[in-house]
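So the protein lines, in turn, are chains A and B.
For the first sequence, numbering that gives the first Met the number 0 gives the first residue as 0, with consecutive numbering after it.
For the second sequence, numbering that gives the first Met the number 0 gives the first residue as 0, with consecutive numbering after it.
Note that the Cβ used here is the ideal one computed from N, Cα and C, for glycine as well.
2 protein chains.
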Amino acid sequence: MSHIIKVAIVQHACGDDYAENLQRSIDGIKKAAATSADIVLLPELHTGPYFCVEAHTRHFERAEPIPGPTTDHFGTLAKELGIIIICSLFEKRSIGLYHNTAAVLDSNGEIAGRYRKMHIPDDPGYYEKFYFTPGDLGFKPIQTSIGKLGVLVCWDQWFPEAARLISLAGAEILFYPSAIGWDPSDDQAEKDRQCEAWITIQRAHAIANNLPVVSSNRIGHETDPSGATAGADFWGSSFICGQQGEILAQAPADAAAVIISDIDLERTDRIRRIWPYLRDRRIDAYQDILRRHIDDE
Amino acid sequence: MSHIIKVAIVQHACGDDYAENLQRSIDGIKKAAATSADIVLLPELHTGPYFCVEAHTRHFERAEPIPGPTTDHFGTLAKELGIIIICSLFEKRSIGLYHNTAAVLDSNGEIAGRYRKMHIPDDPGYYEKFYFTPGDLGFKPIQTSIGKLGVLVCWDQWFPEAARLISLAGAEILFYPSAIGWDPSDDQAEKDRQCEAWITIQRAHAIANNLPVVSSNRIGHETDPSGATAGADFWGSSFICGQQGEILAQAPADAAAVIISDIDLERTDRIRRIWPYLRDRRIDAYQDILRRHIDDE
Numbered sequence: 000m001s002h003i004i005k006v007a008i009v010q011h012a013c014g015d016d017y018a019e020n021l022q023r024s025i026d027g028i029k030k031a032a033a034t035s036a037d038i039v040l041l042p043e044l045h046t047g048p049y050f051c052v053e054a055h056t057r058h059f060e061r062a063e064p065i066p067g068p069t070t071d072h073f074g075t076l077a078k079e080l081g082i083i084i085i086c087s088l089f090e091k092r093s094i095g096l097y098h099n100t101a102a103v104l105d106s107n108g109e110i111a112g113r114y115r116k117m118h119i120p121d122d123p124g125y126y127e128k129f130y131f132t133p134g135d136l137g138f139k140p141i142q143t144s145i146g147k148l149g150v151l152v153c154w155d156q157w158f159p160e161a162a163r164l165i166s167l168a169g170a171e172i173l174f175y176p177s178a179i180g181w182d183p184s185d186d187q188a189e190k191d192r193q194c195e196a197w198i199t200i201q202r203a204h205a206i207a208n209n210l211p212v213v214s215s216n217r218i219g220h221e222t223d224p225s226g227a228t229a230g231a232d233f234w235g236s237s238f239i240c241g242q243q244g245e246i247l248a249q250a251p252a253d254a255a256a257v258i259i260s261d262i263d264l265e266r267t268d269r270i271r272r273i274w275p276y277l278r279d280r281r282i283d284a285y286q287d288i289l290r291r292h293i294d295d296e
Numbered sequence: 000m001s002h003i004i005k006v007a008i009v010q011h012a013c014g015d016d017y018a019e020n021l022q023r024s025i026d027g028i029k030k031a032a033a034t035s036a037d038i039v040l041l042p043e044l045h046t047g048p049y050f051c052v053e054a055h056t057r058h059f060e061r062a063e064p065i066p067g068p069t070t071d072h073f074g075t076l077a078k079e080l081g082i083i084i085i086c087s088l089f090e091k092r093s094i095g096l097y098h099n100t101a102a103v104l105d106s107n108g109e110i111a112g113r114y115r116k117m118h119i120p121d122d123p124g125y126y127e128k129f130y131f132t133p134g135d136l137g138f139k140p141i142q143t144s145i146g147k148l149g150v151l152v153c154w155d156q157w158f159p160e161a162a163r164l165i166s167l168a169g170a171e172i173l174f175y176p177s178a179i180g181w182d183p184s185d186d187q188a189e190k191d192r193q194c195e196a197w198i199t200i201q202r203a204h205a206i207a208n209n210l211p212v213v214s215s216n217r218i219g220h221e222t223d224p225s226g227a228t229a230g231a232d233f234w235g236s237s238f239i240c241g242q243q244g245e246i247l248a249q250a251p252a253d254a255a256a257v258i259i260s261d262i263d264l265e266r267t268d269r270i271r272r273i274w275p276y277l278r279d280r281r282i283d284a285y286q287d288i289l290r291r292h293i294d295d296e
């Protein structure tokens, strides 16, 4: 028995021009739809530059409500092409309240649901805590016409807890729209370790939860308007892997791409028979996961 | 600032003869000690064949108390060579009560502590639930003369919760003695996926917790005395990786080996400054990790 769906990722650079970014996404989605893809994932915050490279109030102008212009655009396109689109945007929830949100447009054009990024980074060049309130919707899969999607966002990918929670709640595929890049001042060995770590930990979420993982990223160099950093070289390398963490498709580090793979949702059932982790979790002994740190007693 | 320690793994085949297995371990440990290694990890249940391939009461004869003959042997050796030894054995805790236990012999020959395997597998050819009561000591690091060791055992390696908990409790290095192999009847692609998944998920524990990981395995084909299965081809591939999951040393899949690497314990502090996951864990939103499954409400 099998239940094959076709999954796509659109990877591209994102500049300062909203309309141009939108068009790049649309062109990629149309390519994916031409192969009969059922669902397509875009990079994180794909309608603009990665503005969190600096902390500046003018960037709040980029935020928009859901529904709003971006979800309207992609909703119309989803319906026209009969494809599910996972887009990512700077959500203005209320005056003074913003989130880093992924919205899922189902193939009928409706908003199937949203996920508000739960783990918010804040590092030189990634000042997300300035802009985004941590999500308050928890780790809940989004029901769509093809199944329950476990949508998480970027920094969430470093936390095994996020993948575990959304999997326990019934997610059938994990999605991670990302915007992650190299610091141009790092040496090549450090760059290699970072990109490899990014791929490895997400493949491990596939393995630990026996679910396919779909992870997108943008490409290209973006400057830091504040001049405080050398900007970022976004490392692309978007990939799709299967329930055992095996790579099914991968984009290059430095070029726009549309990657596509069949994934068999029924295979999760077969893999969980040979790797029955859910049977053996020691939930009687995991309480301290809820602690910040286990200090010497 | 750096705090370099030298870590070793002894990988070998394990046959039916206790004395011969012991000698293989001793030979490997002496090689490691000759390079001034501070600590050496042996494979899981290294004093005998992987008897859990079948469920048979005669194998309870292999169990022994701690302290007992095996910890006496390795304790004496640890003191003689001035090296810490992590051995793995079938612990007889009481009449009718057994565990799959790792014992740490400090370089003064004393037992620094023990870890009782918390997650117990049970699959065709891996009938561990018949022999081993799940551990009741929790995920506590073991204090030694070189630092706090996060010792876990084999099947634990598939559970991100185990690595997280022992890391939160202050472990400075994670150790996984393993006995894991291929089903000879699987095709090569499946074998490759399984071994790669085993490596990937452990590297991910290094990444998620910013700790070095040291994982050992045995080699060789072992038959199934019951005739129920085709036995197992243990896949070796023992490895040491650093705080970003980067491979530092790796043994072959099919040959005995002693692998050694320097690791810098101070690097954890540096990596946790650029990858500050502990800062951002959403402990307010992780409660459902303690549930078996999150059923539809």
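Nearest residue (CA-CA) to residue i, options the options
| i | options | result |
| --- | --- | --- |
| Gly244 of chain A | A:Glu265, A:Ala256, A:Gly226 and A:Arg202 | A:Arg202 |
| Arg126 of chain A | A:Pro68, A:Asp253 and A:Asn99 | Residue 126 of chain A is actually Tyr in this sequence, not Arg. That would be A:Asn99, whose Cα lies nearest to the Cα of Tyr126 of chain A. |
| Gly226 of chain A | A:Leu21, A:Val52, A:Phe89 and A:Thr34 | A:Val52 |
| Glu60 of chain B | B:Gly74, B:Ile85 and B:Ile94 | B:Ile94 |
| Gly235 of chain A | A:Asp223, A:Asn216, A:Pro224 and A:Ala229 | A:Asn216 |
| Ala54 of chain B | B:Gly169, B:His2, B:Leu148 and B:Asp122 | B:Asp122 |
| Ile165 of chain A | B:Ile25, B:Ala18, B:Ile288 and B:Glu195 | B:Ile288 |
| Asp263 of chain B | B:Leu148, B:Glu189, B:Pro211 and B:Ile293 | B:Pro211 |
Per-residue burial, residue i [other beta carbons within 10 Å of its own, 16 or more giving buried]
| i | result |
| --- | --- |
| Gly241 of chain A | buried |
| Asn107 of chain A | exposed |
| Pro183 of chain B | exposed |
| Glu265 of chain B | exposed |
| Ile172 of chain B | buried |
| Met0 of chain A | exposed |
| Gln286 of chain B | exposed |
| Gln193 of chain B | buried |
| Gln156 of chain B | buried |
| Ile282 of chain A | exposed |
| Ser87 of chain B | buried |
| Leu76 of chain B | buried |
| Thr70 of chain A | buried |
| Ser35 of chain B | exposed |
| Ala196 of chain B | buried |
Chain C within 9 Å of residue i, Cβ atoms only
| i | result |
| --- | --- |
| Pro275 of chain B | Absent from the structure is chain C; the protein chains it does hold are A and B. |
Inter-residue spacing [alpha-carbon to alpha-carbon] between residue i and residue j
| i | j | result |
| --- | --- | --- |
| Pro68 of chain A | Ile110 of chain A | 13 Å |
| Phe158 of chain B | Asp16 of chain A | 44 Å |
| Pro176 of chain A | Arg23 of chain A | 16 Å |
| Gln267 of chain A | Leu151 of chain A | The question names Gln, but residue 267 of chain A is Thr in the sequence shown. C-alpha separation (whole angstroms): 19 Å. |
| Asp120 of chain A | Lys128 of chain A | A small correction: the amino acid at residue 120 of chain A is Pro; Asp does not occupy that position in the sequence shown. Near 7 Å, if we compare the C-alpha coordinates of Lys128 of chain A and Pro120 of chain A. |
| Ala31 of chain A | Gly146 of chain A | 19 Å |
| His11 of chain A | Ile83 of chain B | 51 Å |
| Ala256 of chain A | Gly27 of chain A | 8 Å |
| Gly219 of chain B | Phe50 of chain B | 14 Å |
| Asp223 of chain A | Ile198 of chain A | 25 Å |
| Arg163 of chain A | Arg278 of chain A | 14 Å |
| Asp294 of chain B | His204 of chain A | 20 Å |
| Ala284 of chain A | Phe233 of chain A | 40 Å |
| Ala178 of chain A | Ile200 of chain B | 23 Å |
Short Cβ contact (9 Å threshold) for residue i with residue j
| i | j | result |
| --- | --- | --- |
| Arg272 of chain B | Arg291 of chain A | no |
| Ile65 of chain B | Phe238 of chain B | no |
| Asp37 of chain A | Lys78 of chain A | no |
| Gly14 of chain B | Pro42 of chain B | no |
| Phe174 of chain B | Ala101 of chain B | yes |
| Leu40 of chain A | Ile85 of chain A | yes |
| Ala231 of chain B | Gly180 of chain B | yes |
| Pro140 of chain B | Gly149 of chain B | yes |
Cutoff 8 Å; reference residue i; Cβ partners in own chain excluding five residues on either side
| i | result |
| --- | --- |
| Tyr97 of chain B | Phe59, Ala62, Phe89, Glu90, Lys91, Tyr130, Phe131 and Thr132 |
| Ala161 of chain A | Met117, His118, Phe138, Leu151 and Asp155 |
Own chain partners of residue i with C-beta closer than 7 Å, once the 5 adjacent residues on each side are dropped
| i | result |
| --- | --- |
| Ile246 of chain B | Phe238 and Cys240 |
| Asn209 of chain B | Gln242, Thr267, Ile270, Arg271 and Trp274 |
| Ser260 of chain B | Val6, Ile239, Leu247 and Ala248 |
| Asn20 of chain A | Cys13, Gly14, His45, Thr46 and Gly47 |
| Ile206 of chain A | Gln243 and Gly244 |
| Asp136 of chain B | Just to set this straight, residue 136 of chain B is Leu in the shown sequence, not Asp. Tyr114 and Arg115. |
| Asp253 of chain B | Ile218 and Gly235 |
| Thr143 of chain B | Ile83, Val103, Asp105 and Ala111 |
Sequence-distant residues of its chain with Cβ nearer than 6 Å to residue i (five each side left out)
| i | result |
| --- | --- |
| Leu167 of chain B | none |
| Gly81 of chain A | Ser106 |
| Lys190 of chain B | Trp181 |
The ligand GDP heavy atom lying under 8 Å from the CB of residue i
| i | result |
| --- | --- |
| Pro159 of chain A | No copy of the ligand GDP appears in this structure; indeed no ligand is present at all. |
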